[in-house]
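Student: Quick note on my numbering: the sequence shown kicks off at 35 and runs consecutively.
Yeah, the Cβ is synthetic: ideal placement off N, Cα and C, and Gly gets one too.
A quick note: this is a predicted structure, and the numbers were derived from the prediction, not measured.
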Amino acid sequence: MNAKLTLNLNKNTTEEAKIYARRNNVSLSKLIESYLNSLVKPPSTKKKISPLVESLTGIIPNANIEERKEYRDYLTEKYL
Numbered sequence: 035m036n037a038k039l040t041l042n043l044n045k046n047t048t049e050e051a052k053i054y055a056r057r058n059n060v061s062l063s064k065l066i067e068s069y070l071n072s073l074v075k076p077p078s079t080k081k082k083i084s085p086l087v088e089s090l091t092g093i094i095p096n097a098n099i100e101e102r103k104e105y106r107d108y109l110t111e112k113y114l
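Laid out in structure tokens, this is it:
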């Protein structure tokens, strides 16, 4: 359900907001509604992971600490 709201804003601000809304193909009302929603809704703590990323999880094994040390030693010898 929609409700009417009257706001008193600086004219320059409203003009800039209209330009921004037009550039982003959204109405000024929708722009303000989205902003207000972002203020009142708590941010989602759990990020959604796409099915593709989920399916790839665990494919690449973690390099163990010994392998990292050996690689660092190799680079040290090569460049020093």
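Distance, Cα to Cα, Glu49 vs Leu70?
Tutor: 19 Å
Student: Can you give the beta carbon distance from Lys52 to Leu62, rounded, assuming they're within the 8 Å contact cut?
Tutor: 6 Å
Student: Write down the C-beta distance between Leu65 and Ala55 rounded to the nearest angstrom, noting that I regard them as a contact closer than 8 Å.
Tutor: For Leu65 against Ala55, the beta-carbon gap comes to about 5 Å, under 8 Å, which counts as contact.
Student: Going straight from the alpha carbon of Val74 to that of Gly92, what length do you get?
Tutor: 37 Å
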